[in-house]
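J.:
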Amino acid sequence: MRTRVIKALSLLLIMMSLVSGAESTLENLAGFTHPEIGEFIVFLRENGAPYFTIYDFVQYKLMPASIPYRGIDLSDSKKAPNVESSMNSFFDSVEGKSAEPVPVVFEYQGVLADYSYYLDSLPRESKIEAIRLMSGFDGKKGYAELKKIPGLEDLDTSYLEETYEDYTVRISGKEYPYRVLMFYIEEEDWQESYYERYAYIKVGSKWRLVQIAKEYAGEYRQRNNYIHGLAGQRRSDYDQIVHDAFRGLTWYSSAEEVAAAENVATDGKTVSVGNATVFRLPAQLKYTYGKKGWLSSIEYTFDKSQSFYSVFVSLYMRYYDPTETMTDGYSWSLPDTLIELRQADGSVLLTFTPRFDQSKQSAG
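The sequence shown maps to residues 1 to 364 in the working numbering.
1) Expressed to the nearest angstrom, what Euclidean distance is found between the alpha-carbon atoms of Tyr-194 and Thr-270?
2) Alpha carbon to alpha carbon, how far is Gly-139 from Ser-205? Give it in angstroms, no decimals.
3) Name the residue from Phe-308, Glu-107 and Val-169 whose alpha carbon lies nearest to the alpha carbon of His-228.
4) Considering Cα atoms alone, identify which of Pro-150, Ala-144 and Tyr-167 is closest to Pro-156.
5) Among residues of its own chain, excluding the 5 on either side of Ser-89, which ones have a beta-carbon nearer than 7 Å to its beta-carbon?
6) Report buried or exposed for Trp-190, applying the criterion of at least 16 other Cβ atoms within 10 angstroms of its Cβ.
7) Assign Gly-96 to one of three DSSP states: helix, strand, or coil.
8) Who are the Cβ neighbours of Val-105 in its own chain at under 8 Å, not counting the five residues just before and after it?
9) With a threshold of 8 Å between beta-carbons, can Gln-240 be considered close to chain B, or not?
10) Glu-262 to Ser-272, Cα distance in whole Å?
11) So, are the CB atoms of Tyr-216 and Gln-109 less than 8 Å apart?
12) Please list the terminal residues of the continuous beta strand (DSSP E) segment that includes Ala-65.
13) From this set, Gln-240, Tyr-176 and Glu-107, which residue's C-alpha is nearest Tyr-167's C-alpha?
14) Provide the residue span of the beta strand (DSSP E) that contains Ala-380, from first to last.
15) Taking contact to mean 3 or more Cβ pairs, one atom from each stretch, closer than 8 Å, check whether the segment 343-361 and the segment 241-254 are in contact.
16) What are the partner residues of Tyr-198, as DSSP defines its beta bridges?
17) Quick one: what's got a C-beta closer than 8 Å to Val-264's C-beta in the same chain, skipping five residues either side?
18) Could you give the distance in angstroms between the alpha-carbon of Lys-127 and the alpha-carbon of Leu-74?
19) Three or more beta-carbon pairs under 8 Å between the segment 198-212 and the segment 113-125, yes or no?
20) Just how far apart, CA to CA, sit Pro-103 and Asn-275?
21) Can you give me the Cβ contacts of Asp-357 inside the same chain, cut-off strictly under 7 Å, excluding the 5 residues immediately before and after it?
22) Would you say Leu-133 touches the ligand GTP, meaning its beta carbon is less than 7 Å from a heavy atom?
23) What's the call for Pro-101, buried or exposed, on a 16-neighbour Cβ count within 10 Å?
24) So, with DSSP's three-state summary, where would you put Phe-352?
25) If we call anything under 8 Å between Cβ atoms a contact, is Asp-328 one with Arg-342?
26) Output needed for Arg-234: all residues of its chain with C-beta closer than 8 Å, excluding positions within five of it in sequence on either side, in chain order.
27) Could you check where the beta strand (DSSP E) with Ile-298 kicks off and where it finishes?
28) Just reading off the alpha helix (DSSP H) that Val-311 is part of, what are its end residues?
29) Under 8 Å, do Tyr-200 and Val-83 count as touching if we go by C-beta distance?
30) For Arg-342, which of helix, strand or coil comes out of DSSP?
31) Tell me whether Pro-50 is buried or exposed, calling it buried when 16 or more other Cβ atoms sit within 10 Å of its Cβ.
See the structure below:
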């Protein structure tokens, strides 16, 4: 009983962290021309959940937890839906069994796209089970279970096994297994073509849906393909990303190497750059080194509050959905890095910290 209570409290704290600061109003927070994409953006929040428009068209939106979407209710953290219940509600919606418009186009994304023929041939219960197993919710051992589903006895799972990755996120200082399901949808209205992503974390032995993101179709020059948590993404996909905020450096760069690259002095503990630029925004930059002599954080400070919204869009363009919503900002968990964007005391802070111990891994 005590274990169940602890797990329930843990999930409650996680959900509070993910939806903290929710309000019952629509806020127009900023309107500006984004320095990287050169288009006019309006950044808003609906019931605490952020979204932004480009020339009055919604481009990206985190769905408010306080408002059911496709019959999925995230408002009660004690009853956060699992994979089966959330996907049942999802398929009720796209199959015309609820009030939402029926898509004229529906496509699986990520690794599921390669198995859409098989998924479309399965009855609902088996389809959801296959989606869960193919997407890695049960780990590598789950692939063997796929062949026990009628109709999938001869399925070749070698690609699934080859591309399998363990994904985790850091929420409130704790690590959780993490998985994302992604779908593409087109409605009759030509403006309504979009991707939906359903993010789950594992609390104890249970997978729980914690976030739904809706991204309207559109491509940008600097867009990356890697989506953390989406099955079929290889670590090599992530490694190919140009992480321009690192300015050509890595988590293994010494203070002396950083100082030389930035053409400034160092005391061995910090390296400060007063006139840095990131995402085409002026900022003050500080590299900090920990007790073991490894780079422990990279922090950009912006003076203008509007920078918060511009940086959010720039991070979205590179890394898609934030994995935690905090009272003062958002964070993105990546394989080796945690990114935190916060508003504090009139300033905007963008901080990168490693998610691994450099002393236990080689630079190669």
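Positions of the beta carbon are idealized from the N, C-alpha and C atoms, including for glycine.
T.: Put simply:
1) 44 Å
2) 12 Å
3) Val-169
4) Here residue 156 turns out to be Asp, not Pro, going by the sequence shown. Nearest C-alpha to Asp-156: Ala-144.
5) Arg-70, Gly-71 and Ile-72
6) exposed
7) coil
8) Tyr-184, Ile-185, Glu-186 and Ser-193
9) Of the protein chains in this structure there is only one, and it is not chain B.
10) 9 Å
11) no
12) Ala-65 -> no beta strand (DSSP E), and no H or E assigned at all.
13) Tyr-176
14) With the chain represented from 1 up to 364, any question about residue 380 goes unanswered, as that position is not in the structure.
15) yes
16) Leu-181 and Ile-212
17) Val-271, Ser-272 and Val-273
18) 23 Å
19) no
20) 49 Å
21) none
22) Ligands displayed in this structure: none; no statement on the ligand GTP is therefore possible.
23) exposed
24) strand
25) yes
26) Thr-163 and Glu-165
27) 295-302
28) 307-319
29) yes
30) strand
31) buried
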